[in-house]
Structure formats: structure tokens, C-alpha cells
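Trainee: One structure, as C-alpha cells, below. Some questions next.
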């Protein structure tokens, strides 16, 4: 199915005139650049993610989550494609603050607890979004996690999937597609059918890492007086980078958060406070992913 959003999309409320393509590409305030994707800050109001490797569905995911939850995410101001270059553009709000990754070492235990409690509420809200009855992205499109990616179109690997069995088979097929031995794929087929079963399609951010969380200390006049923690520990918490989001099995968020750990600090202990754990499923998904990308 196609997108439900008509492109170009322009938000009804914009803080100032949208930047031109020239202004975007001339920006020297580069936040990240990888492959055919670049993220830049343009002026006071805008952050723009653009390039041929950018998928407009990230902006669609943000609009979708914003319409169905109270999760704090950047406002989406524009989504469009430049036909002459085939570059996609996502123009969004410039969110004040720092990544949780950069601030984590300097936070107190109390501050960490407060931030993680907010994140737990956010992820619980995601899990409450009704299932559409398939494993896939918005509009019954394929999943965007790398484990379902192929150069050529391959629906049996890319999805969407009507059942968890079909999704499990896709991971075994990906293993073979990437040149791994078929006998080991058969081992995964047999084993995963016992471990990965009974999980409902659950809306998932699919990249729960501190680099994708922005925190900003709340000004005194904006603090929530109903909280039971010290006011100096109050933070605005924003989740960014929604490009891989979609309906995955319910164990996916926790398992990938664990997979991304470096275990060089206490963040892993706070993941247990933030996400419902899936102790049986996480090691199997980690083993499979490590084989594919090691």
C-alpha cells in the first residue's frame, strides 16, 4: 500500500518560512552525515534530514505517533521529494537540549530515574497503539530494520507479514540471502519457532539508544509541580530518529535495545526499568544479528 500522506506535505503551523533546498545544502551546521543521508540545522527553528537514502516514511511515522500519543517528538514541518535529484527532505523542529548519550555520565542517579520513568511511559504508550493485524510499516509496507533489507525487492524477506511464523521465516531467508550456510538457517528455523511465538504486532520505535533521546532541563516556570521528585531534576525528554518504526513482535524493542549495548556503564540496568524485558527472546535475536553483521 502507498502512503496516506499527499506529498509535498506542509504543516499548518510553521515558525518561519521553510528553508530552501539551497539553504539546507549550504548549511555548515551538520549534525550527522552517513551514506546518502545528511542531517543539518538551518537557522533557529529547523533541523532537516535529506538525501537519496532518506525515507519519507520516517516523517510519516512521526506524524502518526504524534496523532495517537502524548510522546514528545519533534514537530514535522514538511515532507517532500526533489524530482531533479531524487532527494527526500524531512523538515522538522530544532529541539533544544543534548542527547542522553552525551549527558548520561554527568547525571545523578535521581536524574536518571526521572528521565527513564518518563521514557517508560512513552514506550508503554507506543505499545498501546492498536495492532493493524500485520507485522510491517505504516500502510502495510515492508519493515525497515536491516534484518529485513535486501538490495532487490523480496517480499518474503522484506514483509509485510501476516503471521509471526512468516516473519521468522523471513529472518532465516535473510540469513541464506546474505551467504550464510543453509544448514545453520535450518537450525534457526527449528529453534526460533519455539522461542518466537505468541507475540503480537506491537508498534515499536526499533532503535532505542541514548543517541536518539534528547533531554533538556525544564525552566522553573514550566516545571510540573505534581511530580514527586526534586524540581531540579525535571527534564523535557524527546525521542528522535523514527525511520525504522513499525509493527514488530512485542519482544523487538527490548531485544534491540539490549543488542545495541556496549556495557561500558549502567545504561543496561535502566533498560530493565524502561522496557518490558523478554529474557528468552533477546539472546536469540542477538545471536542471529551478530552472525549477520560480524
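In UniProt numbering, the protein residues as written are 1 to 294.
Every residue, glycine too, gets a C-beta built ideally from N, C-alpha and C.
These numbers were taken from a predicted model, which means no experiment stands behind them.
Would you please state the rounded distance, in angstroms, between the beta carbons of residue 42 and residue 30? I believe it to be under 8 Å.
Mentor: The residue labelled residue 42 in the question sits at position 42 within the chain shown. The residue labelled residue 30 in the question sits at position 30 within the chain shown. About 11 Å; that fails the 8 Å criterion.
Trainee: Can you list, in chain order, the residues of its chain with a C-beta nearer than 6 Å to that of residue 236? Leave out the 5 residues immediately preceding and following it.
Mentor: If you number the chain shown from 1, residue 236 lands on position 236. Excluding positions up to five away in sequence, the list reads 216, 218.
Trainee: Name the residue from 53, 52, 50, 77 whose alpha carbon lies nearest to the alpha carbon of residue 63.
Mentor: Counting from one through the chain shown, the residue named residue 63 turns up at place 63. Measuring from the Cα of residue 63, the nearest candidate turns out to be 77.
Trainee: Considering only C-alpha positions, which residue in the set 74, 169, 286, 121 is nearest to residue 261?
Mentor: Here the question's residue 261 lines up with position 261 in the chain shown. When each option's Cα is compared against that of residue 261, the closest is 286.
Trainee: Buried or exposed: where does residue 263 fall if 16 or more other Cβ atoms within 10 Å of its Cβ makes it buried?
Mentor: Here residue 263 corresponds to residue number 263 of the chain shown, with the count starting at 1. Per the 10 Å Cβ criterion, exposed.
Trainee: Determine the extent of the beta strand (DSSP E) in which residue 41 is found, giving its start and end residues.
Mentor: As a working mapping, residue 41 is identified with position 41 in the chain shown. Residue 41 -> beta strand (DSSP E) spans 37 to 42.
Trainee: Does the distance from the CB of residue 80 to the CB of residue 144 come in under 8 Å?
Mentor: In the chain shown, residue 80 corresponds to position 80, counting from 1. In the chain shown, residue 144 corresponds to position 144, counting from 1. In this structure, residue 144 does not lie closer than 8 Å to residue 80 by Cβ.
Trainee: Go to residue 163, then tell me how far its alpha helix (DSSP H) extends in each direction, as first and last residue.
Mentor: Looking up residue 163 in the chain shown gives position 163. Element bounds for residue 163: n/a, residue is neither H nor E.
Trainee: How would you write the range of the beta strand (DSSP E) that residue 82 sits in, first residue to last?
Mentor: Along the chain shown, read from residue 1 onward, the residue named residue 82 stands at position 82. Per DSSP, residue 82 belongs to the beta strand (DSSP E) from 76 to 82.
Trainee: Please give the ranges of any alpha helix (DSSP H) in the segment 223 to 282, keeping only runs that are unbroken, at least 4 residues long and fully inside the region.
Mentor: 252 to 259, 267 to 274
Trainee: Please report the distance separating the alpha-carbon of residue 13 from that of residue 23.
Mentor: Numbered from 1 along the chain shown, position 13 holds the residue referred to as residue 13. Numbered from 1 along the chain shown, position 23 holds the residue referred to as residue 23. Those two C-alpha atoms are separated by around 20 Å.
Trainee: Per the contact definition of three or more C-beta pairs closer than 8 Å, is the segment 120 to 135 in contact with the segment 91 to 107?
Mentor: No: fewer than three Cβ pairs fall under 8 Å.
Trainee: Am I right that residue 38 and residue 51 are in contact with their C-beta atoms under 8 Å? What's the rounded C-beta distance?
Mentor: The residue given as residue 38 occupies position 38 in the chain shown. The residue given as residue 51 occupies position 51 in the chain shown. Contact flag correct, Cβ pair sits at about 5 Å.
Trainee: Out of 140, 187, 92, 153, point me to the one whose CA is closest to residue 169's CA.
Mentor: Within the chain shown, the letter at position 169 stands for residue 169. Here the closest residue by C-alpha is 187.
Trainee: Leaving out five residues on either side along the sequence, give the residues of the same chain with a beta carbon under 8 Å from the beta carbon of residue 193.
Mentor: Taking the chain shown and counting its residues from 1, one reaches residue 193 at position 193. So the qualifying residues of the chain are 165, 168.
Trainee: Once you ignore the five residues that flank residue 128 on each side, which residues in its own chain have a CB closer than 7 Å to its CB?
Mentor: Looking up residue 128 in the chain shown gives position 128. The answer is none, since no qualifying residue turns up.
Trainee: Would the segment 176 to 185 count as touching the segment 196 to 207 if we require 3 or more Cβ pairs under 8 Å?
Mentor: no
Trainee: Residue 119 to residue 270, Cα distance in whole Å?
Mentor: The residue you call residue 119 lines up with position 119 of the chain shown. The residue you call residue 270 lines up with position 270 of the chain shown. Taking the straight line joining both Cα atoms gives about 10 Å.
Trainee: For residue 246, does the count of other Cβ atoms within 10 angstroms reach 16, so buried, or fall short, so exposed?
Mentor: Against the chain shown, residue 246 aligns to sequence position 246. Only buried fits residue 246, as 16 or more other CB atoms lie within 10 angstroms of its CB.
Trainee: I need the straight-line Cα distance from residue 240 to residue 212, nearest angstrom please.
Mentor: Along the chain shown, one-based indexing puts residue 240 at 240. Along the chain shown, one-based indexing puts residue 212 at 212. Answer to the nearest angstrom: the Cα atoms are 5 Å apart.
Trainee: Considering only residues of the same chain and omitting the five flanking positions on each side of residue 290, which have a CB-CB separation below 7 Å?
Mentor: Counted from its first residue, the chain shown places residue 290 at position 290. Once the five neighbours on either side are set aside, residue 290 has no close Cβ partner at all.
Trainee: Report the three-state DSSP secondary structure of residue 126 (helix, strand or coil).
Mentor: Start at 1 with the first residue of the chain shown, and residue 126 comes out as number 126. Helix at residue 126.
Trainee: Taking the continuous alpha helix (DSSP H) assigned at residue 95, which residues delimit it?
Mentor: The sequence position of residue 95 within the chain shown is 95, counting from 1. Neither: residue 95 is in no alpha helix (DSSP H) and is coded neither H nor E.
Trainee: On the criterion of 16 or more Cβ atoms from any shown chain inside 10 Å, does residue 159 qualify as buried, or is it exposed?
Mentor: On the chain shown, residue 159 is found 159 positions in, with the first residue counted as 1. Buried.
Trainee: In the DSSP output, which residue or residues are listed as bridge partners for residue 21?
Mentor: As a working mapping, residue 21 is identified with position 21 in the chain shown. Residue 21 is not bridged to any residue.
Trainee: Can you give me the C-alpha to C-alpha distance between residue 154 and residue 46, rounded to a whole angstrom?
Mentor: Against the chain shown, residue 154 aligns to sequence position 154. Against the chain shown, residue 46 aligns to sequence position 46. Those two C-alpha atoms are separated by around 36 Å.
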